[in-house]
Each structure stands twice: as structure tokens, then as C-alpha cells.
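See below for the structure under consideration.
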Amino acid sequence: MPASAASAQPWWRGASVYQVYVRSFCDGNGDGQGDFAGLAAKLDYIAALGVDAIWLSPIHPSPNRDWGYDVSDYDGVHPDYGTLQDFAALVKAAHDRGLKLLLDEVLAHTSDEHAWFAASRDGDHDKRDWPKKDWYVWADPRADGTVPNNWLSVFGGPAWSYQPARRQYYHHKFLRQQPKLNWTQPKAREAALAVLDSWLERGADGFRLDVANAFLHDTRLRDNPAIPAAERGEAEWSAAANMQRHVHDSNLEENKAVLDVIRRRVEAFDGRFVFGEFSEEFERSGCYLPPDTGLHGGYNFALLHARDAAAIRAHLETLARFPGHWPCIAFSNHDVVRTVTRFGDGSAKVMLALLASLRGTILLYQGEELGLPEVELRRDQLRDPVGDLYYPLFKGRDGCRTPMPWDADAPHLGFTTGDPWLPAGAAHGPLAVSRQEANPHSSLAYARRLLAARKSHPALRTGTQTLLAQGLGFVRQAGDERIVCAFNPGPGETRLTLPEPARDLGLGTGPVRLDGTSLTLGPFSGFLGLL
């Protein structure tokens, strides 16, 4: 691809985004919670990785029923993290290092402690109407007093809670403390969109939108169709979400138009980027929209739950059916079991190589560059409400949210001088940044090489992607540059046939044998070659 064509691309196409779970990243004041000051002190580390942007987990005030994904005030920042002045300083420090800053916005629902919900719940009930009466999804009980329909909460049980003040139920797709905002109500929708305006004006470079498939609901409140038991498979972390097709409580076809409205709002600010999380009914909800429609990009849980090459290939085949769609690619985040634990010991480097080679905007969760495994926690150590509900069947999401290990020889691995909100993982000590910085063969050193290569090779950053006939392999192409990428994320051996002989770029990992177009990949190995 000519330099002029590459420079014409938006900055986010092919970019690498580093996800920071703020509460677990670095504590700057010794209170055991990560904060803006701690993050600012580690910006040089993030910049040295070679990423283009940082995505911050929710930063707003919250009662932390769902650790920030239940917002009680969109206009402020959580006092655990600092002040608005601290946030402004963080934005400037990131921009000074050439890093974009993206915020995690939760606009499909709020906390039940948000002033909007209080106004909707506690208005003048003697009047026929009152401000914010319909800002949330309220419904009358059935004739027998039971819930309005069969919708199920992702976290278990009915997706409705009764509110005596209104003698009605309100809808919540998640916890009962997370009431659903009514995006069919024009004033509520405008208030949510204005949240985006205010943070863009404060310097944010864009957003990750939580549950972007769930802005709209069926106003007729029709029941969701059940999934037959034989077809449910295994739910990764929510049995309730796996019992129904979520076609009426969320994932409406009309949701796509809302995503487009959001994109246009963000694009009113030059150079900004907005992508979404899609948790169900991916095609229906707007996850795979063509260019210039809907959000700039999106991701779903297919790769986040994948545990082998076949599952990854299946998702790449799905993406190939939507060539105009720009995907976001992630194997790990704050909600799922860490990549190394899912794919096995020895998989850290090959999964980094795969991530760095795929078409899309890639999302690298903190600690993945170190090859961190999931941390096993006792029930009394859990802070995640989901883990507490389902322990020991499901131990929650805290195992991937434990503190970032900075210094192998410091208390709490250098995360804090105080009492950490979650314990540091004992197995993370040998993988701490202090150890890996000194090792040119470490996972950290390899991640830096891969991200540098992604920037220097247009084929890897913005090129097309064509799957090989078999196995986990594909060709990336931009202009005259063609790079074949092949991977074996498992413990066995696999063989692939390349389309033509390739010259090894020296970016692979693990045992690899190349004989003409015949490629043998040993356990946990990858190959990148120039065609």
C-alpha cells in the first residue's frame, strides 16, 4: 500500500488498543485501589509496548454493585480514581506520548442510585405524568401480579424487579441494581448521547460501548423464545443468557439505526472512534454492519470464549462473510478467563502473534503481554457479585482482574503499598514486569516486537485477510505486500500447505519446519512469512 493510502486511513483502522482495568492497574496513593495517578506513572510502559490507544474501564462514580458498570453519575469520576483535574492531567500526559484515550461508557442502563432513576421512580404519582417518568423501562404486573413476561437476567432470575412506589416492575438485563434506560424515550436518549459529547469535549478520543446490542427493547414486551435444552450447549458464565434467544429484551433490528446515530454523534468530533461490545444475536444486533453504518467496529464473545484453533477458525469464517465490516479483535478482557489458562501453558506467545496478525483493531488486555494466567481465588476473596452468586460452579471474573504485577520483589508485586482490593496472584511473581524487562526472550519483549511489526507492515495493519483452505492460517495483503500467517495454539502438531513458498519474517514462535509450501507447526507455534 502506498504511503499516501496508508496515511489516509483513520488512526483506529488496524490500531492496537491496550485495555486498562483501572482499579487493578497501579495504585498511586497506597489505598489499595488503582487510580489515575498510578496509571499516569505507567504511561511510559504502555507507550513502550507500541500500542496506539488506551481503553479505560468505567471511571464514573458508582456504588460498585458491578464494579463501575452501574453508573450513578455520568458527569464525574469515581473518587477512588481521583478528580476531574487528575483525569485532565492523564489525558494530557497520554496525548503527550502519542497515545489516544478511550472511555468505557455504559449507556444501556444506569445504577439504581442514579438521579435519573430516582426521578423516574419517585415522581409525583398523583399526576398523570412527570419528568423522567418514562426514562426507564417500566411495566405493569400481569393480572396475577407476576412479572410482565419471561425475560431473564444475565445474572440469573427474572429480568424484572418490583417497585412499590410505582406499583410496577422495572426491567434490568443484568443486576436489579442496573435498571434499563429507555432509549425509545427521546429525552432519555438525548441525555445519554449528551454524555458522549461532554467527555469528547474533555479530551476523550472515543469510546467502547458496553452491551451495544441492548439499547432498544420490544415495546410490546413479547416473550423471548426458549432455546431447546438440547441446543443450549455450555454457557461460559451465564446459564440464564443461554436459555433464551434474546430477540425482544435486546438485539432488535432497530438497534442498528441507534448505533448509527451514536456514530454520527461521535464523528461530530474529528478523528474520534467508537466501538461496541455485542453479547448475543450478533448478526441481528448490529455487530457485523458494513462500513459507514453503525459503530466504527465491534467485537463479540466468540474469541473471548474460544479454547482451540477450530473455534477461532469458525469465527474468522463468520467474519469473512462480512468483508466490509471492521472488527475489533480480543482474546481476553475483564470478563473472561485469561488466554493462557484457556489455551494452556506455553500458549502466551503464539496467542500474541495471532492477535497481532489479525485484521481489525486489536484489543490487548493488561497483563496479556506478560502471559499472565488466571488467578484462583477463594470465595472469601471474591469481590465480583456474579462469582458470589454461583460459587463454586462459577468463580466470577475476579481471577482475570487481579492486580498488575510490576515488581517481583515488592509487596503485592508493586501494585500498591497498602491493602490491595484483590490479592496479587502468587504465580504472577516470576512474570512481573521487573523480571521480563531484563529478559530479551520474554513474552513482554516478544509483544513489543510484534506490535512494532504490525505498525511497519501495512499488510498486517490494514490489509485484507484471506483464510487458507485448512487450519488456522490466512494471508494478509496490502498493495504488493503479502504475508502468510499460520498458527497452532494447541499442544499437538499440525501441518498446513501455504499458497506459495514464503520467506520467514522472523516473527514466529515455537518449533516450525518449512519445506517449500509445506509448513509443520509444533506445539504452541506460529509462523509469519513474506510471499
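In this text, residue positions in the sequence shown follow my numbering: the first is 221, and each later residue adds one.
The beta-carbon is built from N, C-alpha and C at its ideal position, and this holds for glycine as well.
Gly496 versus Asp264 - alpha carbon distance: 27 Å
Pick out the complete alpha helix (DSSP H) segments inside the segment 257-310, 4 residues or longer, and give them in chain order. 263-269
Three-state class that DSSP yields for Cys246 in the structure shown: coil
Backbone CA spacing between Glu798 and Ser676 [nearest angstrom]: Look at the range of the chain in this structure, 221 to 751, and you will see that residue 798 is not part of it.
Residues bridged to Cys548 (per DSSP): Thr581
By DSSP, does Ser236 sit in helix, in strand, or in coil? strand
Is the segment 305-320 close to the segment 476-485, with three or more CB pairs under 8 Å? no
Nearest residue (CA-CA) to Leu739, options Arg696, Asp700, Gln690, Ala698: Gln690
Rank Arg440, Asp469, Asp306, Gly302 by C-alpha distance to the C-alpha of Leu372 and give the top, closest one. Asp469
Please confirm if the segment 583-591 is in contact with the segment 352-359, defined as three or more CB-CB distances below 8 Å between the two stretches. no
Ignoring anything shorter than 4 residues or poking outside the segment 488-514, list the alpha helix (DSSP H) runs there in chain order. 502-505
Would you give the residue range spanned by the alpha helix (DSSP H) that Trp626 belongs to? First-last for Trp626: undefined, no H or E at that position.
Whole-Å CB distance - Gly580 paired with Ile549, under 8 Å assumed: 4 Å
So Ala573 packs on Gly746, CB below 8 Å; how close in whole Å? 4 Å
Just the Cα atoms here: how many angstroms apart are Thr622 and Gln601? 11 Å
Quick check: the Cα distance between Trp641 and Thr729, rounded to an integer number of angstroms? 36 Å
DSSP beta-bridge partners of Gly693: Ala706
For the candidate residues Asn370, Arg348, Phe245, Ala628, whose alpha-carbon lies nearest to that of Arg442? Asn370
Take Asp300 and list the residues in its own chain whose beta-carbon comes closer than 6 Å to its own, dropping the five residues that flank it on each side. Gln253
Which residues share a DSSP beta bridge with Tyr241? DSSP, once it has assigned bridges, lists no residue as partnering Tyr241.
Ordered along the chain, which non-local residues of its own chain (more than five positions away) have a Cβ less than 6 Å from that of Tyr666? Lys569
Which of the three DSSP states is assigned to Thr682 in this structure? helix
Using a Cβ-Cβ cutoff of less than 6 Å, which residues in the same chain neighbour Phe435 once the five nearest sequence positions on both sides are dropped? Ala328, Trp403, Asn475, Val478
Taking Cβ to Cβ, would you say Ala652 is nearer than 8 Å to Asp618? no
If you follow the beta strand (DSSP E) that Val653 is in, where does it begin and where does it stop? It is not in any beta strand (DSSP E) - Val653 instead sits in the alpha helix (DSSP H) that spans 653-657.
Sorted by chain position, which residues of the same chain lie with C-beta nearer than 6 Å to Gly258's C-beta, five sequence neighbours on each side aside? Cys246, Asp247, Gly248
Same chain only: Cβ atoms within 7 Å of Ala235, ignoring 5 sequence neighbours per side: Asp272, Ala273, Thr581
Would you mind reading off the limits of the alpha helix (DSSP H) that contains Trp336? 335-341
According to DSSP, is Val431 helix, strand or coil? coil
Taking only three categories from DSSP, how would you classify Tyr389? strand
Where Pro283 and His334 are concerned, what is the direct C-alpha to C-alpha distance, given to the nearest angstrom? 10 Å
Can you name, in chain order, every residue of its own chain whose Cβ lies under 6 Å from the Cβ of Pro281, other than the five neighbours on each side? Ser292, Asp293, Gly296, His298
Please work out which residues of its chain come closer than 6 Å, Cβ to Cβ, to Leu751, disregarding the five sequence neighbours upstream and downstream, and give them in chain order. Arg702, Val704, Glu720, Ala722
Between which two residues does the beta strand (DSSP E) carrying Trp380 extend? 380-383
Can you give me the C-alpha to C-alpha distance between Trp336 and Trp232, rounded to a whole angstrom? 34 Å
Using 8 Å as the threshold, is the C-beta distance between His392 and Ala379 below it? yes
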